[in-house]
Amino acid sequence: MSRALHPIGVLVAAAALIGATSLLGNDYYLRIVFMMCVYYLCAAGMNVLVGYAGQKSLGQAGLFAAGAYAVALLTTQTEMNPWLALIAAAVISGVCGVLIALPSLRVKGPYLAMVTLAFGIVVEKLVGEWTEVFGGAQGIYGIKPLTWSGQPLSSEQWVWFGIALCALTHLLLRNLLQGRFGRALLSLQADEIASSSVGVRVYRAKVIAFVVAAVTCGIAGALVAQQNQYINSDFITFNLSIFILLLVLFGGAGSQYGPLVGTVILTIIDAALARWPSAQHFLYGFMLLFALYVMPGGVVGLFAKWFGRRSEAPAAARPTIAPMRMAPAGGGELLVVQGVTKTYGGVKPAQDVSFRLQRGHIHALIGPNGAGKSTMINMLTGVVQPSAGSIRFLDREIIGRPAHAICCLGMGRTFQNLRLFADLSVLDNVMLGRHSRMANGFFASLVALPGAQREEALTRARAMQLLDFVDLAHLAHQPAGSLPYGLQRRVELARALATDPQLLLLDEPAAGLNPQETAELGQLLVRIGKCGVSILMVEHHMDLVMSVSDHVIVLDYGIKIAEGRPAEVQCNPRVIEAYLGADEPEAVAA
Amino acid sequence: MAEALLQAIISGLAVGGAYALVALGFSITFTTTKTLNFSHGEFVSAGAFIGMSALFLVLGLPVSSTTFGDALPGAGAQLLALVAAMGIMGLLGWALYVVGVRPFAGRPGMAWVMSTLGFGVILQSVGLAIWGPKPVVVPGPVGDSVIRVLGVGVRPQELLTLAVTVVIMIGFDRVMNRTMVGKAMRAVAANGNVASLMGINTNAIMIGAFVVSSALAGLSGFLLAPIAQASLFMGLTVGLKGFSGAMIGGLNNPRGCVIGGFVLGVFESLVNLWQAQWREVAVFALVILVLAFRPTGLFGRTMVEKV
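First to last, the protein sequences are chains W and L.
Those letters in the first sequence? Residues 1 to 590, per my numbering, in order.
Those letters in the second sequence? Residues 1 to 307, per my numbering, in order.
This is how it looks when you write it as structure tokens:
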């Protein structure tokens, strides 16, 4: 019943706050509490974007404006009900959120931050200079406030409504972030390529994060406009964007209570310094400059260090799940590669390569350095697009499909240079592998439907089972990045297995392992093969390749020079030549 | 009509020159340190105000005055102001690198976005405390009398801006491609670790990148001040448009950045001729459009991430 404990706690806290504010009776203090609620709404949504998805937005003032001007225009130009206008404002700012998220399809990191900054400035200019519509510095008067049984809300009622809205936002976002979506966002912050390789739709997740931040920010703007019954262009400044960002960073990005702490502290400072705007301004600059240096985790991070990490709750009774049978049995062709070619200018890592992979077999792809093996794996998984040819997986053409879609079809992979989500726990890494197999959607997660909770529990149990399978169950709650190299390789393998692959692609799984670990890996691969998963591995350890694989394909300079049983390939003269070089006379003859 | 068009193109080229200087500044720090100065715009404003205060000092006026009155600084004073603007901005760039960039560069999370932004906010609030928010009319070094070229009235300051920008660009291009310092900078840009193994002092190169980039911002502000009045808020849009120019041209190609800056200046000037209030929107729409088709800019190399 601990699941119900948190919401009850939040309700009690909100009720206590509402009770306390009704004793305040001072309009100035009420105003400060109201602004805390407004800023908390902004910060809570911004935390999803900055703390979880890792996208820096420097244009939140633009979204604040979208909400504020939406209610302003809707209630003054039309006879719309103020409550309806508030909802419409949320929708309109959500649409604007999609608009800012669009460039994120093409650009990343600092580029994107600059684009969001530009968005904020454009909106600022628009509301300031397009006076016919937005009224500029004159502003828009006569915005209809929210009403309760026919009367406009009083100052106290505004505060109560704000507190209730904040509590609701906190609970909804908590539902969202503790499960499938929170994990997916954290993963794309860590590594987008790995994230899409486990089936996360990276772009869609980013858009959702932008929209969540936009909607909360728009509602905050609408509340301010409706409470003041007035809005002008002075509200919408670059400083507001910075302030909203600072709320999150100062409190602690990516933590549950960071935005709350940041909001309370900064709103109080803001009110105390309101008489000296340039001091206020200076302080914000100072905080931006040094806050991340002194406390990278914000205020909450500082305290977490003092109190130590909250110990993870031990896994509750596991629901019974199907035993390890990962893929359907049987034979036949799983993957058909035909005439695949890839050119980077003059470099040709693949020239007209064709091969077939059988269901239930362990295949190995070998060749000297630079033979084009990793490029082949990347083409199969959709990370790199081939220049020509056809790749059919389960009788479906997969060239041109995005990486996450190929993962969903049943192809899992590991990477040559480990791509784990280092800050997430081992268990979370493996649970992320289940992302594409989970059925709980955005809204089910948001309101924590029982189905979504059950799905989460099932996923956790399945992930623990997989960790048992690779002997890592005892390390489930450690951060993946803290494990020794050999164990990290096994975590990545478990994560790939969690995607329910029919074909598992391993890019140098034994790289960096000692002989003992390599032998263990060989046994593990055979066990995986027995579970019905077919394997294609790129590997340099010939002992491993020859002992576990059923079929070997040899590439050299992008050309397939041999394939067949391990023993046949070993005596193939072309293979020997590629690896050891030929004797002088033969080379001349050739 | 043709005259108005020509006039718009010339003033667009002049402002575009200032954008190109800013764009080049972004390109220099991005290629060497993989970071950008998000307060580059504030640096442009700061350059304008430092140049202005140097002029005040030479004329015997207090630094915090906000008008020149009838005083007209001579050529020597202007030259001194130029040196002061570029020199002090260079030092500020050094300070920015040490305080705001070096602790975070190369680490995930882009904390340097926040710290450089904060540095700019501090600069701006110091400026506000000294001069207040009002813009200041600054006399230009080449006088304010309009000269006529091809039947079009042109302000000499615009021609000066254009000329200085072109000279700087050509000089920079030569240094980058013909000298050992340029080779060292390009080596650090390509791979800092390998460059330091080859005996290149990467730390010094990175500091140098920030010094040069900030000095260019100062120059840009100094040149713009007589055209558009010195204001503590002028920098934000100049910085943004400079960055937009860099994005259009390709952040990792200095020549592309310069071209991008000029293109943007002319484009903005032409839109201004048609519908002034859509100027900013049109500029950023153009950027989004270019990025949609070529995410690394028109002349940028695509970066391939090794998997």
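We put the beta carbon where it would ideally sit given N, CA and C, even for glycine.
- When Cβ atoms are compared, which residues of the stretch 152–179 of chain L fall closer than 8 angstroms to chain W? none
- Task: Taking all protein chains shown into account, decide if Cys571 (chain W) is buried (16 or more other Cβ within 10 angstroms of its Cβ) or exposed.
- Result: Counting from 1 along the first sequence, the entry for residue 571 (chain W) is found at position 571. Cys571 (chain W) is classed as exposed because its beta carbon has fewer than 16 other beta carbons within 10 Å across all chains shown.
- Message: I believe Ile231 (chain W) touches Ile121 (chain W) by the beta-carbon criterion, under 8 angstroms. Please report the beta-carbon distance rounded to the nearest angstrom.
- Response: Walking along the first sequence from the start, residue 231 (chain W) turns up at place 231. Walking along the first sequence from the start, residue 121 (chain W) turns up at place 121. 18 angstroms between Cβ atoms; not a contact.
- Message: Starting from Met36 (chain W), trace the alpha helix (DSSP H) in both directions and tell me its first and last residue.
- Response: The count along the first sequence starts at 1 and reaches residue 36 (chain W) at position 36. Element bounds for Met36 (chain W): 27–47.
- Query: Leaving out the 5 sequence neighbours to the left and right, which residues in its chain are closer than 7 angstroms to Leu273 (chain L) when beta-carbon positions are compared?
  - Reply: For the purposes of this step, residue 273 (chain L) is taken as the residue at position 273 of the second sequence. Cβ within range, chain order: Ala4, Ala8.
- Within chain W, the residues that Val258 (chain L) reaches when beta carbons sit closer than 7 angstroms: For the purposes of this step, residue 258 (chain L) is identified with residue 258 of the second sequence, where counting begins at 1. Residues of chain W passing the Cβ test: none, with the nearest at roughly 18 angstroms.
- What number of angstroms, rounded off, separates the C-alpha of Gly90 (chain L) from the C-alpha of Gly17 (chain L)? Here residue 90 (chain L) is taken as the residue at index 90 of the second sequence, counted from 1. Here residue 17 (chain L) is taken as the residue at index 17 of the second sequence, counted from 1. Distance between the alpha carbons of Gly90 (chain L) and Gly17 (chain L) is about 20 angstroms.
- Listed in chain order, which residues of the stretch 270–287 of chain W have Cβ atoms closer than 9 angstroms to some Cβ of chain L? Pro277, Ser278, Ala279, Gln280, His281, Phe282, Leu283, Tyr284, Gly285, Phe286, Met287
- Residue from L:Asp173, L:Val98, L:Asn252, L:Asn37 whose Cα sits closest to the Cα of Met110 (chain L): Sequence index remark: in the second sequence, residue 110 (chain L) carries index 110 (1-based). When only C-alpha atoms are compared, the closest one is L:Asn37.
- Query: What residues in its chain sit with their C-beta under 8 angstroms from that of His541 (chain W), if we drop five residues either side in the sequence?
  - Reply: Looking up residue 541 (chain W) in the first sequence gives position 541. Around His541 (chain W): Ala510, Thr518.
- For Asn429 (chain W), does the count of other Cβ atoms within 10 angstroms reach 16, so buried, or fall short, so exposed? Locating residue 429 (chain W) in the first sequence gives position 429, where the first residue counts as 1. Per the 10 Å Cβ criterion, buried.
- Message: Any beta carbon from chain W within less than 8 angstroms of Leu236 (chain L)'s own beta carbon?
- Response: Working through the second sequence from its first residue, we reach residue 236 (chain L) at position 236. It does: the Cβ of Leu236 (chain L) has a partner Cβ on chain W nearer than 8 angstroms.
- Query: Can you find a C-beta in chain W that's less than 8 angstroms from the C-beta of Glu268 (chain L)?
  - Reply: Reading the second sequence from its first residue, position 268 is the one you call residue 268 (chain L). Answer no: the Cβ-Cβ gap between Glu268 (chain L) and chain W never drops below 8 angstroms.
- Task: Measure from the alpha carbon of Ala382 (chain L) to the alpha carbon of each residue in L:Arg294, L:Ser244, L:Ala282, then state which is nearest.
- Result: No answer is possible for residue 382 (chain L): the residues shown for chain L start at 1 and end at 307.
- Message: Counting beta carbon pairs with one atom in the stretch 523–534 of chain W and one in the stretch 555–569 of chain W, are three or more of them shorter than 8 angstroms?
- Response: no
- Under a three-way DSSP split, which group does Glu456 (chain W) fall into? Locating residue 456 (chain W) in the first sequence gives position 456, counting from the first residue. Helix.
- Message: With a threshold of 6 angstroms on Cβ separation, who are the neighbours of Gln55 (chain W) within its own chain once the five nearest residues in sequence on each side are excluded?
- Response: Residue mapping note: residue 55 (chain W) aligns to position 55 of the first sequence, counting from 1. Only Leu49 meet the Cβ criterion.
- Task: Measure the alpha-carbon distance for Glu156 (chain W) versus Ile219 (chain W) and round it to whole angstroms.
- Result: Position 156 of the first sequence holds residue 156 (chain W). Position 219 of the first sequence holds residue 219 (chain W). Rounded to whole angstroms, Glu156 (chain W) to Ile219 (chain W) spans 19 angstroms at the Cα level.
- Message: For Gly221 (chain L) and Gly297 (chain W), I'd like the C-alpha separation in whole angstroms.
- Response: Position 221 of the second sequence, counting from 1, holds the residue named residue 221 (chain L). Position 297 of the first sequence, counting from 1, holds the residue named residue 297 (chain W). Looking at the two C-alpha atoms, the distance is approximately 37 angstroms.
- Taking Met114 (chain L) as the query, report the chain W residues whose CB atoms sit under 7 angstroms from its CB, ordered along the chain. By one-based count along the second sequence, residue 114 (chain L) stands at place 114. Within chain W, the residues near Met114 (chain L) are Leu249, Leu288, Leu292.
- Sheet register partners of Pro479 (chain W) (DSSP bridge): Taking the first residue of the first sequence as position 1, residue 479 (chain W) is located at position 479. Answer by DSSP bridge pairing, in chain order: W:Ser425.
- Task: Say whether the stretch 40–48 of chain L touches the stretch 204–224 of chain L, bearing in mind that this needs 3 or more beta-carbon pairs closer than 8 angstroms, one atom from each stretch.
- Result: Taking a cut-off of 8 angstroms on C-beta distances, the stretch 40–48 of chain L touches the stretch 204–224 of chain L, as three or more cross pairs fall below it.
- Message: Runs of 3 residues minimum, wholly inside the stretch 360–440 of chain W: which ones carry the beta strand (DSSP E) assignment?
- Response: 362–366, 388–393, 411–413
- Answer with buried or exposed for Asp144 (chain L), where buried requires no fewer than 16 other C-beta atoms within 10 angstroms of its C-beta. Your numbering for residue 144 (chain L) matches position 144 in the second sequence. Exposed.
- Candidates L:Ile122, L:Ala77, L:Leu55, L:Gly76: which alpha carbon is nearest Thr67 (chain L)'s? In the second sequence, counting from the first residue as 1, residue 67 (chain L) sits at position 67. The option with the nearest alpha carbon to Thr67 (chain L) is L:Leu55.
- Query: Taking C-beta to C-beta, are Ala113 (chain W) and Phe421 (chain W) nearer than 8 angstroms?
  - Reply: Walking along the first sequence from the start, residue 113 (chain W) turns up at place 113. Walking along the first sequence from the start, residue 421 (chain W) turns up at place 421. In this structure, Phe421 (chain W) does not lie closer than 8 angstroms to Ala113 (chain W) by Cβ.
- Task: Consider the Cβ of Gly558 (chain W): report whether some Cβ of chain L lies at a distance smaller than 8 angstroms.
- Result: The residue you call residue 558 (chain W) lines up with position 558 of the first sequence. No, no contact with chain L.
- Have a look at the DSSP bridge pairing and note the partners of Ala230 (chain L). Counting from one through the second sequence, the residue named residue 230 (chain L) turns up at place 230. Answer is L:Val136.
- Task: Look at the alpha carbon of Ala53 (chain W) and the alpha carbon of Gln189 (chain W), and state the distance between them as a whole number of angstroms.
- Result: As a working note, residue 53 (chain W) is residue 53 in the first sequence. As a working note, residue 189 (chain W) is residue 189 in the first sequence. In this structure, the alpha-carbon of Ala53 (chain W) lies about 5 angstroms from that of Gln189 (chain W).
- Message: Does any residue of chain W have a CB that is nearer than 8 angstroms to the CB of Ser64 (chain L)?
- Response: Counting from one through the second sequence, the residue named residue 64 (chain L) turns up at place 64. No, Ser64 (chain L) does not count as interfacial toward chain W.
- Minimum C-alpha distance to Leu219 (chain L) - residue among L:Phe210, L:Met247, L:Thr165, L:Leu298: Translated into positions along the second sequence, residue 219 (chain L) becomes position 219. Among L:Phe210, L:Met247, L:Thr165, L:Leu298, the Cα nearest to that of Leu219 (chain L) is on L:Thr165.
- Message: Please confirm whether Trp83 (chain W) has its beta-carbon closer than 8 angstroms to some beta-carbon of chain L.
- Response: Taking the first sequence and counting its residues from 1, the one referred to as residue 83 (chain W) is at position 83. By this cut-off, Trp83 (chain W) is not an interface position.
- Query: Can you tell me the Cα-Cα spacing of Gly254 (chain W) and Pro141 (chain L), whole angstroms?
  - Reply: Taking the first residue of the first sequence as position 1, residue 254 (chain W) is located at position 254. Taking the first residue of the second sequence as position 1, residue 141 (chain L) is located at position 141. In a straight line, the C-alpha of Gly254 (chain W) is about 52 angstroms away from that of Pro141 (chain L).
- Query: For Arg201 (chain W), does the count of other Cβ atoms within 10 angstroms reach 16, so buried, or fall short, so exposed?
  - Reply: Residue mapping note: residue 201 (chain W) aligns to position 201 of the first sequence, counting from 1. The residue is buried, with at least 16 neighbouring Cβ atoms inside 10 Å.
- Query: Is Trp158 (chain W) helix, strand or coil when you go by DSSP?
  - Reply: Locating residue 158 (chain W) in the first sequence gives position 158, counting from the first residue. It is helical.
- Query: Which one or two residues does DSSP pair with Leu102 (chain W) in a beta bridge?
  - Reply: For this step, residue 102 (chain W) is matched to residue 102 along the first sequence. Paired residue(s): none; Leu102 (chain W) is not in a bridge.
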